[in-house]
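Engineer: Residues 3 to 386 in this note's numbering are what the sequence shown lists, from first letter to last. Glycine included, each C-beta is placed from N, C-alpha and C at the ideal position. Note that the structure is predicted; figures quoted are calculated from it, not measured.
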Amino acid sequence: MRDKAIYFNPKKWLSEPRIVIGLMSGTSLDGIDASLVRFWIENNVHKFHTIGFYYLPFSSAIKTKILNVINHKIFVSDISNLNFLLANYYNKAVKSLLIRNNFKSSDVDLIGLHGQTVWHKPPYSTYQLGSASVLNILSDVPVISDFRSADIALGGQGAPLVPIFDKVFLSDNNKNTIALNIGGMANITYLPRRGSVIAFDTGPGNVLIDSFARKLFKKDFDRNGKFAMKGNLSFELFSFLKQLKFIGKKPPKSTGRELFNTEYINKLFKFIIDKKISEYDAMNTLTKFTSWSIAENIRKFTDEKSRIIVSGGGARNSAIMLFLQDELPLAEIKRSDDIGINSDAKESICFAYLAWRNIANLTGNIKSVTGANKEVILGSLSIQ
3 MRDKAIYFNP
13 KKWLSEPRIV
23 IGLMSGTSLD
33 GIDASLVRFW
43 IENNVHKFHT
53 IGFYYLPFSS
63 AIKTKILNVI
73 NHKIFVSDIS
83 NLNFLLANYY
93 NKAVKSLLIR
103 NNFKSSDVDL
113 IGLHGQTVWH
123 KPPYSTYQLG
133 SASVLNILSD
143 VPVISDFRSA
153 DIALGGQGAP
163 LVPIFDKVFL
173 SDNNKNTIAL
183 NIGGMANITY
193 LPRRGSVIAF
203 DTGPGNVLID
213 SFARKLFKKD
223 FDRNGKFAMK
233 GNLSFELFSF
243 LKQLKFIGKK
253 PPKSTGRELF
263 NTEYINKLFK
273 FIIDKKISEY
283 DAMNTLTKFT
293 SWSIAENIRK
303 FTDEKSRIIV
313 SGGGARNSAI
323 MLFLQDELPL
333 AEIKRSDDIG
343 INSDAKESIC
353 FAYLAWRNIA
363 NLTGNIKSVT
373 GANKEVILGS
383 LSIQ
């Protein structure tokens, strides 16, 4: 029988190691990342160990339903149905993760559910689909969800939220560090040796590359950047892409599918067709633009000589990594795998950590990052 008292007693919660599942599905819409993580405190230092990781790809039908919501091609009933359907998918990921690691639901203390973002428009609102109450019932594990709303209510961007993890686990007293995550969008956390942490979205991560891998090659993504490496830069397309004002905008800033939506993708596709740009040159240019936009933000707003630790799906794209090193020759660039953090799992680990912090009565946002007027505990608890 689960002891519900621990969820309302931070001291008791912190008295022993806790097992938390983190669930993340991002703007790339590829599927669900699920991490099984143990958290504890040792000599006043937060520690974690990743026990297991599981990836559940979205079916094409689910992906289409999500895109229809994002692109406003829906009724309210569609949103409600998808909210329940996604909860079932998250539960499927939980069950598979547990089976593969010989765990039972009773072994797990908590789930941190990010949900599927379908709308993010600070300072007005944000919305992540995937009912926490349904997941709580199906999984028989308490769930922390809705991590972004409180920060937006306090005048923040509601993103990025990963920086608290980066600050606690990746800071280095000897050198400036940048934690770069390349998911659907790309975002960085700048951890200077001295001074405040800043973090923000830089612009596209995999979103443009994946969209055009599907349009031009009927593939879900450009594996290892092989399409990009076969092409050359199109100066016309590169100049067209650089018209995106978000890239040069000062932080704090965040973005998502509401900017890189179907309308924008179709506009780019028309440009590529009208200018007779080859498929390979288009992929090369989109990939170089992605790396350039990340590097441009690092040059403008942080320190280009930093140690850069890359995670997310983009860390496995050799072309992105190569072009990024070309753009930032003075930086020391490595994958998070090199320091023992699975680059695919990092974001889901972070939301497990945010859930753990919620029950521990610890704040989850960083004012200097999101622009909120104070730091607060993030997320809401669903428990039966």
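Can you tell me whether Glu377 is buried or exposed, with buried defined as 16 or more other CB within 10 angstroms of its CB?
Structural biologist: Flag for Glu377 reads buried.
Engineer: On the DSSP bridge list, what partners appear for Ile23?
Structural biologist: The partner list for Ile23 (beta bridge, DSSP) reads Leu38 and Ile113.
Engineer: Rank Ile34, Thr66 and Val170 by C-alpha distance to the C-alpha of Arg359 and give the top, closest one.
Structural biologist: Of the listed residues, the one whose Cα sits closest to Arg359 is Val170.
Engineer: Pick helix, strand or coil for Met390, following the three-state DSSP scheme.
Structural biologist: Past the boundaries of the shown model lies residue 390; the chain is included only from 3 to 386, so the question cannot be answered.
Engineer: Check whether the Cβ atoms of Val136 and Phe86 lie closer than 9 Å to each other.
Structural biologist: Cβ distance < 9 Å, so Val136 and Phe86 count as in contact.
Engineer: Cβ atoms of Gly314 and Lys161: under 9 Å apart, would you say?
Structural biologist: Here the sequence assigns Ala to residue 161, which means Lys is not the residue at that position. For Ala161 and Gly314, no; Cβs fall outside 9 Å.
Engineer: Is it buried or exposed for Asp340, if we count other Cβ within 10 angstroms and need 16 for buried?
Structural biologist: Looking at its Cβ environment, which holds fewer than 16 other Cβ atoms inside 10 Å, Asp340 is exposed.
Engineer: Buried or exposed: which applies to Val47, given that a residue is buried once 16 or more other Cβ atoms fall within 10 Å of its Cβ?
Structural biologist: Exposed, because fewer than 16 other Cβ atoms sit within 10 Å of the Cβ of Val47.
Engineer: Kindly indicate the opening and closing residues of the alpha helix (DSSP H) around Pro165.
Structural biologist: Per DSSP, Pro165 belongs to the alpha helix (DSSP H) from Pro165 to Leu172.
Engineer: Taking the alpha-carbon positions, what's the Pro206 to Ser295 distance?
Structural biologist: The alpha-carbon atoms of Pro206 and Ser295 are separated by roughly 8 Å.
Engineer: Quick check on this structure: which residue in Asn183, Leu156, Ile154 and Asn176 has the alpha carbon closest to the alpha carbon of Phe167?
Structural biologist: Closest by alpha carbon: Asn183.
Engineer: Determine the extent of the alpha helix (DSSP H) in which Tyr282 is found, giving its start and end residues.
Structural biologist: It spans Glu281 to Phe303 - the alpha helix (DSSP H) in which Tyr282 sits, taken as one unbroken run.
Engineer: Would you please state the rounded distance, in angstroms, between the beta carbons of Met26 and Asp32? I believe it to be under 8 Å.
Structural biologist: Incorrect: roughly 11 Å between the Cβ atoms, too far for contact.
Engineer: Quick check on Arg309: buried or exposed, where buried means 16 or more other Cβ atoms within 10 Å of its Cβ?
Structural biologist: With 16 or more Cβ atoms within 10 Å of its Cβ, Arg309 is classed as buried.
Engineer: Would Asn299 and Thr372 qualify as a contact pair, given that the criterion is a beta-carbon distance under 9 Å?
Structural biologist: Cβ atoms of Asn299 and Thr372: not closer than 9 Å.
Engineer: Which residues bound the beta strand (DSSP E) around Ile310?
Structural biologist: Unbroken beta strand (DSSP E) run through Ile310: Arg309 to Ser313.
Engineer: Using only CA atoms, which one of Glu349, Ala333, Asn11 and Asn234 lies nearest to Gly316?
Structural biologist: When only C-alpha atoms are compared, the closest one is Glu349.
Engineer: So, with DSSP's three-state summary, where would you put Arg359?
Structural biologist: The answer is helix: DSSP assigns Arg359 an H, G or I state.
Engineer: For Leu356 and Ala362, I'd like the C-alpha separation in whole angstroms.
Structural biologist: Looking at the two C-alpha atoms, the distance is approximately 10 Å.
Engineer: Under three-state DSSP, which class holds Ala89?
Structural biologist: Three-state result, Ala89: helix.
Engineer: What are the boundary residues of the beta strand (DSSP E) that includes Arg337?
Structural biologist: Start and end: Glu334 to Arg337.
Engineer: Suppose you measure from the CA of Asn256 to the CA of Asp305; what does that come to, to the nearest Å?
Structural biologist: Looking at the sequence itself, residue 256 is Ser, so the reference to Asn does not match. For Ser256 and Asp305, the distance between alpha carbons rounds to 20 Å.
Engineer: Around the C-beta of Pro144, are 16 or more other C-beta atoms found within 10 angstroms, so that it is buried, or is it exposed?
Structural biologist: Buried is the call here.
Engineer: Alpha carbons only, please: which of Lys97, Val120, Trp121 and Ser127 is nearest the one belonging to Ile113?
Structural biologist: Taking only the C-alpha atoms, the option nearest Ile113 is Lys97.
Engineer: Between Tyr192, Asn175 and Leu140, which lies nearest to Leu163 when the distance is taken from Cα to Cα?
Structural biologist: The candidate whose alpha carbon is nearest that of Leu163 is Tyr192.
Engineer: What is the rounded straight-line gap between the Cα of Leu57 and the Cα of Asp5?
Structural biologist: It is worth fixing the name first, because residue 57 is Tyr in this sequence and not Leu. Their Cα atoms are separated by approximately 30 Å.
Engineer: Measure from the alpha carbon of Asn286 to the alpha carbon of each residue in Ile81, Leu326, Ile139 and Gly158, then state which is nearest.
Structural biologist: Taking only the C-alpha atoms, the option nearest Asn286 is Leu326.
Engineer: Within the chosen definition, does the stretch 227-243 reach the stretch 273-289 through at least 3 CB pairs nearer than 8 Å?
Structural biologist: Yes: the two stretches touch, three or more of their Cβ pairs being nearer than 8 Å.
Engineer: Check Leu193 in the structure and name its three-state DSSP category.
Structural biologist: Leu193: strand per DSSP, three-state reduction.
Engineer: Could you tell me which of Lys336, Glu329, Lys307 and Leu330 sits nearest to Arg318, measuring between CA atoms?
Structural biologist: For the residues Lys336, Glu329, Lys307 and Leu330, the minimum Cα distance to Arg318 belongs to Lys336.
Engineer: Using the Cβ count rule (16 or more neighbours within 10 Å means buried), how would you classify Leu288?
Structural biologist: So Leu288 counts as buried.
Engineer: Quick one: residues in its chain with C-beta nearer than 8 Å to the C-beta of Asn178, no 5 flanking neighbours on either side, listed in chain order?
Structural biologist: The answer, listed in chain order, is Tyr192, Leu193, Pro194, Arg195, Thr304, Asp305, Lys307, Ser308 and Arg309.
Engineer: Roughly how many whole angstroms lie between the Cα atoms of Ile249 and Leu243?
Structural biologist: Rounded to whole angstroms, Ile249 to Leu243 spans 10 Å at the Cα level.
Engineer: With 16 as the cutoff for other CB atoms within 10 Å, does Tyr126 come out buried or exposed?
Structural biologist: Counting Cβ neighbours within 10 Å, Tyr126 comes out exposed, since fewer than 16 surround it.
Engineer: For Val47, does the three-state DSSP call read helix, strand or coil?
Structural biologist: Correct three-state label for Val47: strand.
Engineer: Could you check if Ser127 belongs to the surroundings of the ligand GTP, using beta carbon to heavy atom distance under 8 Å?
Structural biologist: Among the components of this structure there are no ligands whatsoever, and the ligand GTP is therefore not found.
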